[in-house]
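*Asks:* Handing you a structure now.
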Amino acid sequence: MSFNARVGGLFDRMSAMLELTGGDRFRVNAHAKAARVIKDHTGDLEPIAGDAKALIAIEGIGKGTAAKIAEFAETGTIREHDELAQKVPEGVIRMLDVQGLGPKTVKLLWDEKGVDSIEALKGVIVDGSILELPRMGAKTVENITESIAFLESSGQRLPIGVAMPIAEALAERMSGVPGVTRCAFAGSLRRGKESIGDIDILVVTDDPEAARESFCTHDSVLKVLARGESKCSVRLSLEGLGGRFKPGANAAVQADMRLVPGPSWGAALMYFTGSKEHNVRLRERALAKGMTLNEYGLFPEDKGDPTPPQQRGVAPVAGETEESIYAALGLAFVPPPLREDRGELSLDKERAFVVLGDIRAELHSHTTASDGDMSIEESAGIAKSRGFHTLAVTDHSQSSAIANGLKPDRLRAHIGAIREANERVEGITILAGSEVDILVDGSLDYDDELLAALDVVVASPHAGLKAKPPQATKRLLKAIRHPLVHIIGHPTGRLIERRAGLDPAMDELIAAAVECDVALEINAHWMRLDLRDTHVRAAVDAGCKIAIDCDVHAPGDYDNLRYGVLTAQRGWLSPELCINTWDVERLHAWLASKR
DNA sequence: GCCGTTTTCGGCCCGACTGTTTTCAGTCG
20 MSFNARVGGL FDRMSAMLEL TGGDRFRVNA HAKAARVIKD HTGDLEPIAG DAKALIAIEG
80 IGKGTAAKIA EFAETGTIRE HDELAQKVPE GVIRMLDVQG LGPKTVKLLW DEKGVDSIEA
140 LKGVIVDGSI LELPRMGAKT VENITESIAF LESSGQRLPI GVAMPIAEAL AERMSGVPGV
200 TRCAFAGSLR RGKESIGDID ILVVTDDPEA ARESFCTHDS VLKVLARGES KCSVRLSLEG
260 LGGRFKPGAN AAVQADMRLV PGPSWGAALM YFTGSKEHNV RLRERALAKG MTLNEYGLFP
320 EDKGDPTPPQ QRGVAPVAGE TEESIYAALG LAFVPPPLRE DRGELSLDKE RAFVVLGDIR
380 AELHSHTTAS DGDMSIEESA GIAKSRGFHT LAVTDHSQSS AIANGLKPDR LRAHIGAIRE
440 ANERVEGITI LAGSEVDILV DGSLDYDDEL LAALDVVVAS PHAGLKAKPP QATKRLLKAI
500 RHPLVHIIGH PTGRLIERRA GLDPAMDELI AAAVECDVAL EINAHWMRLD LRDTHVRAAV
560 DAGCKIAIDC DVHAPGDYDN LRYGVLTAQR GWLSPELCIN TWDVERLHAW LASKR
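Residue numbers (the numbering used here): 20 to 614.
Okay, structure coming up:
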């Protein structure tokens, strides 16, 4: 785990423990914010841990946090954290993961009943003593019981590639309900996060009851969590999902539907898209400009009146569209994937970010020669139909035996087959390449003579993914510095929610990639998304070239491109730095410059 | 604990829903 991740984790725990020991809520929030800022920070904080001035320059880090970061760098621990940990058992913190249990209730259970773990919580439920607590009735206990079961069976986050089709189907279904005039999904899914905790759907309708009824009684609904005037929450079954994602027994996802007034559409969409931190920033901005922002619109501020402006019939300054609200706040429109409070409110209007339609080339694809499902021509046909000018065929190299990797003689024959296919197929250039294993010592899986015969070399780590960070860094640096390499494929080898992968010093890799004119890949498969968003941002800040590739094995894999583009946007990638957006002359000239 | 385009002190975003209450606390996003 990186330095930033370790320190950020300690601040998260400090925040929780402060809350559970009745600490000042603003200190609690400040610690939670520091945790997020530290984890999100694109550069490694360890080298500057002793430089208080540099740390304090980071928004959200002040004197106190800077001193604690320095203390951690020096001693490997933070005394305040350790002292709190003496007081608060691990199991008490874990209880906060139970939906519906917040700090107040957990503290009450702990103080009054000595409940210090989820197991102990089950105990007081079974013996009924939990009912002796104030504000604790049969219904609340039932909800807690179900939340524990949910947490223990399938409490994990869903990868974006699983959640997105569910959300799209849900939005389509709700759009067909009589009276519904507008419907869209929002939340972290709209922001393109790699995994999501729940699905948010917004609906404008003339017939609210029909929408509520449809949403809450569909076949896939396991439980209705809430059914109010403007908000309904349900737990949906994931059963019947196909593909490579295997949901566990009782796997489920929460979906929330919000019924919003038409004139508030933009404000509501913005509000429920988040992130929470981005919204807080916007509200602060509104207040500073003498206005107040909520999910109903942007209103002129009327100090002293506690009734919300929308209930007093105050005319909003903006609200029907997101664009109008950003404009009224004097801001450039912020695309949803950037809304993470990572400096996006300071963006100028001219800055461009890569979009799906910019992508003109696929540079990482497999065919039946190794472990793909398609012939060269078949894959080229799909690439062509998507408007691509170039497809690189990059089958696996010899060490990837499981993936039917090509021995040198097979690769030579394959290069010939690719050249022939390129002659036959009109309207797209098919390049001969390879996804070459980066071996554990950092060397490549073919000799230089053979690599030089290829148009495109994608070098990727496949084995030895549990190596320690220093070894991982050394291994990847060696591959980046190899003069025949164009692209480093899925640089960490992680699998979302399944395998951590390598944790190299990303700053060093990026610096080397810039120096050697090598592109780092965003592997667009939703199980990988590797580089991840924060890595992309660091690379973009350094001016590093980026490739967005689908790592195509089957026809449907081309559809994963959108997840790669969302990840790129979350990292503020411009078309200029993304080699897949370049026109055919420029891309081919760059590839040839390494031959 | 952090922060400042009226502040270095005194603030710190806003609303909906549930369950347990007789007017509201706790949780969530």
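Glycine included, C-beta positions come from ideal geometry on N, C-alpha and C.
#1: Where DSSP assigns a beta bridge to Cys-251, which residues make up the other side?
#2: DSSP three-state call for Ala-205: helix, strand or coil?
#3: Rounded to whole angstroms, what is the Cα-Cα separation between Ala-531 and Val-504?
#4: Where does the unbroken beta strand (DSSP E) through Asn-12 begin, and where does it stop?
#5: I need the boundaries of the alpha helix (DSSP H) containing Phe-91, first residue and last residue.
#6: Classify Asp-146 as buried or exposed, calling it buried when 16 or more other Cβ atoms lie within 10 Å of its own Cβ.
#7: From Ala-543 to Gly-41, what does the alpha carbon distance come to, in whole angstroms?
#8: Roughly how far, in whole angstroms, is the beta-carbon of Ser-249 from the beta-carbon of Leu-278, given that I think they are within contact range, below 8 angstroms?
#9: Which one or two residues does DSSP pair with Arg-518 in a beta bridge?
#10: Let me know the secondary structure DSSP gives Ile-421 once reduced to three states.
#11: Kindly list the residues whose CB is nearer than 7 angstroms to the CB of Ile-401, restricted to its own chain and excluding five residues on each side of it in sequence; keep chain order.
#12: According to DSSP, which residues form a beta bridge with Phe-169?
#13: Which residues does DSSP pair with Glu-540 in a beta bridge?
#14: Which value, in whole angstroms, describes the spacing of the CA atoms of Asn-313 and Pro-488?
#15: Which residues does DSSP pair with Cys-535 in a beta bridge?
#16: What residues in its chain sit with their C-beta under 7 angstroms from that of Asp-390, if we drop five residues either side in the sequence?
#17: Given this structure, state the Cα-to-Cα distance separating Ile-144 from Gly-110, to the nearest angstrom.
#18: Give every residue of the same chain whose Cβ lies closer than 7 angstroms to the Cβ of Met-33, excluding the five residues on either side of it in the sequence, and list them in chain order.
#19: Beta-carbon separation of Val-107 and Leu-115 under 8 angstroms?
#20: Can Ile-220 and Gly-285 be called in contact, C-beta distance under 8 angstroms?
#21: On the three-state DSSP scale, how would you describe Leu-450?
#22: For Phe-45, count neighbouring C-beta atoms within 10 Å of its own C-beta (all shown protein chains included) and say buried if the count is 16 or more, exposed if not.
#23: Going by DSSP in three states, Gly-262 sits in which element: helix, strand or coil?
#24: With a CB to CB cut of under 8 angstroms and the five nearest residues on each side skipped, what residues in its chain are close to Arg-25?
#25: In the DSSP output, what is Glu-342 paired with across the bridge?
#26: So the candidates are Leu-39, Gly-216, Leu-425, Asp-460; which of them puts its Cα closest to the Cα of Val-412?
#27: Could you compute how far the alpha carbon of Pro-319 sits from the alpha carbon of Pro-153?
#28: Return the chain-ordered list of same chain residues with a C-beta closer than 6 angstroms to the C-beta of Gly-590, the five sequence neighbours on each side being excluded.
#29: For Pro-335, does the three-state DSSP call read helix, strand or coil?
#30: Alpha helix (DSSP H) containing Val-10: first to last residue?
#31: For a minimum of 3 consecutive residues, which ranges assigned as the beta strand (DSSP E) are wholly contained in the region 468-497?
#32: Using 8 angstroms for Cβ pairs, my map puts Arg-10 next to Leu-375. What's the rounded Cβ distance?
#33: Going along the chain, which unbroken runs of the alpha helix (DSSP H) with 4 or more residues stay wholly within the region 345-412?
#34: On the premise that Val-476 lies in contact with Val-455, defined as a C-beta separation below 8 angstroms, what is that separation, rounded to the nearest angstrom?
#35: Using CA atoms only, rank isn't needed, just tell me which of Asp-63, Glu-38, Asp-43 is closest to Gly-27.
#36: For Asp-456, which residues does DSSP report across the bridge?
*Replies:* Quick answer:
#1: Arg-246, Met-276
#2: coil
#3: 13 angstroms
#4: Outside the modelled stretch of the chain, which goes from 20 to 614, sits residue 12, for which no answer is possible.
#5: 82-94
#6: exposed
#7: 44 angstroms
#8: 5 angstroms
#9: Leu-514
#10: helix
#11: Pro-574, Tyr-577
#12: Paired residues: none, contrary to the question.
#13: Ala-566
#14: 45 angstroms
#15: Partner(s): none; Cys-535 has no beta bridge.
#16: His-415, Ala-422, Asn-423, His-572
#17: 16 angstroms
#18: His-50, Glu-99, His-100, Leu-103
#19: no
#20: no
#21: strand
#22: exposed
#23: Residue confidence is low: Gly-262 scores 47 on pLDDT, short of 50, so the model does not pin down where it sits. Its coordinate-derived value is still stated next. Three-state result, Gly-262: coil.
#24: Phe-91
#25: Bridge partners of Glu-342: none, in fact.
#26: Leu-425
#27: 41 angstroms
#28: Asp-552, Val-555, Arg-556, Val-559
#29: coil
#30: Past the edges of the chain, shown from 20 to 614, lies residue 10, and the structure says nothing about it.
#31: 475-479
#32: Nothing in the structure corresponds to residue 10, since the chain is present only between 20 and 614.
#33: 395-404
#34: 6 angstroms
#35: Asp-63
#36: Ser-479
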